[in-house]
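Student:
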Amino acid sequence: MLDLKWVRENPDVVRDAAKRKRIGVDVDAFLDLDQKLRTAQQQVESRRAEMKASSKALGKLSPEERNVALAAQKELKAELKAMEAELPELREQHQKLALLLPMPPAAEVPDGNDDLENVELRRVGQVPEFDFEVRSHVELGEMHGVLDIPRGVKLAGSRNYLLLGELARLEQCVLQYALNHMVQRGFEQVSVPSLVSYECMEGTGYFPGGEEQAYLCERDSASLVGTAEVPLTAIHCDETLAADQLPIRRVALSPCYRREAGTYGKDTKGLYRVHQFWKVEQVVIGPADIEWSIAEHQRMLAHATDLMDLLELPYRIVNVCSGDLGQGQVQKFDVETWMPSRNGYGETHSASRFYDFQTRRLNLRYKPDAASKPLHCHSLNNTVIASPRVLIALLENHQQADGRIRIPEALRASFGKDFLGEV
RNA sequence: GGAGAGGUGGCCGAGUGGCCGAAGGCGCACGCUUGGAAAGCGUGUGUGGCGCAAGUCACCGAGGGUUCGAAUCCCUCCCUCUCCGCCA
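Be aware that the first sequence starts at 316, since it is given in the numbering used here, and climbs by one per residue.
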C-alpha cells in the first residue's frame, strides 16, 4: 500500500508507476473517490458532532423541555443516518482501489514489458562444456531410479513428482546446507506456518490479485503459501518495534504451493515448474531508510550467490525490468542458474526490495527513538535455495559421461558420497 | 468434540444507560527533595482519521441492533484460559 497522503500530492508519479509496470489501475478514479469519501466523511462528522452536543444537553433538561428536544433529535438522527448510509460503499471502493496502487519502481529499473527485457548485470561461473551427449535431469533421474514423475502425476496430477533414494537425500542436504549458510550469516532460523490467514496474504501484497495462484482452503479461510516470505514478513504485523530490534534478519525453510494457473503448456517437462516444492527464504525487516534498504538488498543477493558459488553452479544476475515487477516491488534482481537441458539460464532466485509497501499493509512499524512517532519499517526478501529447481542445475551441470553426478565439495560431508549414482 | 470462565489504556483493574476516552494502582517522563540514590511529594502520560488551525470524529475483542444518547442493554461471530475426551 502507498501512503495515501503522498499519493494525493504526487498523482503523476503514481500514474507513471502504473504505466512503467504495465499495471492497469485508474489513478484518477481513485483520486476522485478519495475526494468524495473525505468530503462525505467530514460532513457526517460535523453532523454527528452536532448530534452529540445536543444529546448531551438533553440529559439535563426538564421533562417538558425534553419532549420538545427529542422530536428535533429524531429528525437530526434520520438525516445523519441517510448521510452515513453512503459511507460503507464509498469506503469499500476506496480501499479496493487503494490496495491496487503500484509502488513506483526505482530509477535504476530498466523499462520493459516482460521478462524478455530484463537486463543482465553479470555472469558468474563457467558454463560447462560436455564432450558427450548431455542428459536432462529427467533422464538422469530416471536412469538412477531416483525420480518418478509418472507416479507423482498418478498421486496428485500434473506438475507433481516423486524423489527417491539418493535424490531425496540430496534435496535435504542442499536445504540443510542453505539453512546453515544463512545462520552463519547472522540470520535467525524460524519454523513458520505455511497455511496462513487472508490478512497475511493481503499484507504481503499477494492478495487481492494473486488468488488464482494460491491454493485456498476456503472452509477455514486460509491459504497455502507460495513462499515463506509471507509468514516471515507478517510475523510482526500490527506491532510497533523498538529501533534497537532492527534489522530483523530471518530465514525459514517451508513447503511452497503454487497453482501455476495460466501456465498450461509452459515448462511441462521435468521439475522446473511444479505445484509443491521446498524453499529456504530470507526476509529482512529494517528501518525506513532507503540507503539502508538498497545496501541490504545487495547483501541479501550476495548471500544467495555465495551459496551458488559453493554449489559450483554457473549463474547470472538480471535487473528485472519494470513490466516484470510486482505491484509492490521497488526493484528486483533475479538469479538465473545455468541449466544445460534448457541450454540457457533458468530463474532460481528472486530478490525484492519493497520499502514500506508491505509494512503499511501489515501495519508494521518501529519507533526511531522513544520520543518520535512510529514509522513503517522497510522489508526485503530473497530466495536462498528452492528445490527441486536447484536439483535441475545440480544434476545437469555436474553430470559425468557415465551419468553419475558429481557432488560439489560443499555437500559431500552431509551427502556422504562424492557421486550420486555410484554403484 | 463436551463443560465452564473471560476479553477495558504499556500492564493490573474499576466501571450495568448521559457528568466515561474511561476511577484507582503499577509502570514511564519531568520537577521538587537529596552529597548521591531510594522513599516521599507534585505534574504529566493511549492510538488513529480528517483539518493550515481551532478543532472534530472513531476506537473498551469484531460486526450488527435498540436508544435522542451504549464500555454498560440485545443478537451474531472471533479469540484466550481452565477441566474432561480424543490425538500428533
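Cβ coordinates follow ideal geometry from the N, Cα and C atoms, glycine included.
If we count the other Cβ atoms within 10 Å of its Cβ and call it buried at 16 or more, is A393 buried or exposed?
Tutor: On the first sequence, position 78 is the one that residue 393 refers to. With fewer than 16 Cβ atoms within 10 Å of its Cβ, A393 is classed as exposed.
Student: In the DSSP assignment, find the alpha helix (DSSP H) that holds V453 and state where it starts and stops.
Tutor: The sequence position of residue 453 within the first sequence is 138, counting from 1. Where V453 is concerned, the enclosing alpha helix (DSSP H) stretches over H452 to M458.
Student: Cβ of R466 within 9 angstroms of Cβ of L455?
Tutor: On the first sequence, residue 466 is found 151 positions in, with the first residue counted as 1. On the first sequence, residue 455 is found 140 positions in, with the first residue counted as 1. Their beta carbons are not under 9 angstroms apart, which means R466 does not touch L455 by this criterion.
Student: Could you check the C-alpha separation between V342 and M316 for me, to the nearest Å?
Tutor: Locating residue 342 in the first sequence gives position 27, counting from the first residue. Locating residue 316 in the first sequence gives position 1, counting from the first residue. Using only the alpha carbons, I get a separation of about 14 angstroms.
Student: Can you check the region 539–571 for any alpha helix (DSSP H) of at least 4 residues that lies completely inside it and give the ranges in chain order?
Tutor: As far as the region 539–571 is concerned, its whole alpha helix (DSSP H) runs of at least 4 residues are 544–549.
Student: Our contact map puts F592 next to R484 with C-beta atoms below 8 angstroms; I'd like the distance itself, whole angstroms only.
Tutor: Indexing the first sequence from 1 puts residue 592 at position 277. Indexing the first sequence from 1 puts residue 484 at position 169. Rounded, the Cβ-Cβ distance is 17 angstroms, inconsistent with contact.
Student: Closer than 7 angstroms by C-beta to V645: which residues in its own chain qualify, once you throw out the five before and the five after it? Chain order, please.
Tutor: Here residue 645 refers to the residue found at position 330 of the first sequence. Excluding sequence neighbours, V645 sits near M418, P420, A421, R668, F669 and Y670.
Student: For a test of your reading of the model: does the CB of D624 fall under 8 angstroms from any non-hydrogen atom of the ligand MN? Yes or no.
Tutor: Of the ligands one can find in the structure shown there are none, so the ligand MN has no counterpart to examine.
Student: Around the Cβ of V738, are there at least 16 other Cβ atoms within 10 angstroms (buried) or fewer (exposed)?
Tutor: Counting from one through the first sequence, the residue named residue 738 turns up at place 423. Its Cβ having fewer than 16 others within 10 Å, V738 is exposed.
Student: Look at the Cβ atom of S637, then the Cβ atom of D426, and state whether they are nearer than 9 angstroms.
Tutor: Position 322 of the first sequence, counted from the first residue, corresponds to residue 637. Position 111 of the first sequence, counted from the first residue, corresponds to residue 426. Yes, the Cβ-Cβ distance between S637 and D426 is below 9 angstroms.
Student: Cβ of R362 within 9 angstroms of Cβ of L405?
Tutor: On the first sequence, position 47 is the one that residue 362 refers to. On the first sequence, position 90 is the one that residue 405 refers to. No, they are not a contact pair.
Student: Looking at P723: is its Cβ nearer than 9 angstroms to the Cβ of E627?
Tutor: Position 408 of the first sequence holds residue 723. Position 312 of the first sequence holds residue 627. Cβ atoms of P723 and E627: closer than 9 angstroms.
Student: Considering A701, what are the terminal residues of the beta strand (DSSP E) in which it resides?
Tutor: Stepping through the first sequence from its first residue, residue 701 is reached at position 386. Counting along the chain, the beta strand (DSSP E) containing A701 begins and ends at H693 to S702.
Student: Report yes or no: do the region 519–528 and the region 541–555 share at least 3 C-beta pairs separated by less than 8 angstroms?
Tutor: Touching, per the Cβ criterion.
Student: State the Cα-Cα distance for the pair T620 and V650, rounded to the nearest angstrom.
Tutor: Taking the first sequence and counting its residues from 1, the one referred to as residue 620 is at position 305. Taking the first sequence and counting its residues from 1, the one referred to as residue 650 is at position 335. Going from the Cα of T620 to the Cα of V650 covers about 8 angstroms.
Student: So S451 and G585 are supposed to be a Cβ contact under 8 angstroms. How far apart are they, rounded?
Tutor: Numbered from 1 along the first sequence, position 136 holds the residue referred to as residue 451. Numbered from 1 along the first sequence, position 270 holds the residue referred to as residue 585. Confirmed, Cβ separation roughly 7 angstroms.
Student: Under 8 angstroms by Cβ, that's how I've got K469 and T555 pegged, so tell me the actual separation to the nearest angstrom.
Tutor: For this step, residue 469 is matched to residue 154 along the first sequence. For this step, residue 555 is matched to residue 240 along the first sequence. At roughly 51 angstroms, the Cβ-Cβ gap does not stay under 8 angstroms, so K469 and T555 are not in contact.
Student: Quick one: give me the first and last residue of the beta strand (DSSP E) that I338 is part of.
Tutor: Position 23 of the first sequence, counted from the first residue, corresponds to residue 338. Element bounds for I338: n/a, residue is neither H nor E.
Student: Check whether the Cβ atoms of V442 and W653 lie closer than 9 angstroms to each other.
Tutor: Taking the first sequence and counting its residues from 1, one reaches residue 442 at position 127. Taking the first sequence and counting its residues from 1, one reaches residue 653 at position 338. Yes, they are a contact pair.
Student: Is the beta carbon of S665 less than 9 angstroms from the beta carbon of G601?
Tutor: To locate residue 665, count along the first sequence from 1; it is residue 350. To locate residue 601, count along the first sequence from 1; it is residue 286. Not closer than 9 angstroms, so no.
Student: Using DSSP with H/G/I as helix, E/B as strand and the rest coil, what is N428?
Tutor: The residue you call residue 428 lines up with position 113 of the first sequence. Coil at N428, not helix or strand.
Student: Could you give the first and the last residue of the continuous beta strand (DSSP E) run that contains M654?
Tutor: One-based indexing of the first sequence puts residue 654 at position 339. M654 -> beta strand (DSSP E) spans Q646 to M654.
Student: Count the other CB atoms, across all protein chains shown, that sit within 10 Å of the CB of Q642; report buried if there are 16 or more and exposed otherwise.
Tutor: Stepping through the first sequence from its first residue, residue 642 is reached at position 327. That one is buried.
Student: Please return the same chain residues whose Cβ sits closer than 7 angstroms to the Cβ of D430, not counting the five positions on each side in sequence.
Tutor: Locating residue 430 in the first sequence gives position 115, counting from the first residue. Result list for D430: D639, in chain order.
Student: My output table needs one value for I720: the three-state DSSP class, helix, strand or coil.
Tutor: As a working mapping, residue 720 is identified with position 405 in the first sequence. Three-state DSSP puts I720 in a strand.
Student: Could you check the C-alpha separation between E481 and W321 for me, to the nearest Å?
Tutor: Taking the first sequence and counting its residues from 1, one reaches residue 481 at position 166. Taking the first sequence and counting its residues from 1, one reaches residue 321 at position 6. Looking at the two C-alpha atoms, the distance is approximately 55 angstroms.
Student: Return helix, strand or coil for H713, following the three-state DSSP convention.
Tutor: Position 398 of the first sequence holds residue 713. If DSSP states are grouped into helix, strand and coil, H713 belongs with coil.
Student: Please classify E711 as buried or exposed, where buried requires at least 16 other C-beta atoms within 10 Å of its C-beta.
Tutor: Looking up residue 711 in the first sequence gives position 396. Buried, since its Cβ has 16 or more Cβ neighbours within 10 Å.
Student: Straight-line CA distance for H618 to R500?
Tutor: Taking the first sequence and counting its residues from 1, one reaches residue 618 at position 303. Taking the first sequence and counting its residues from 1, one reaches residue 500 at position 185. Going from the Cα of H618 to the Cα of R500 covers about 8 angstroms.
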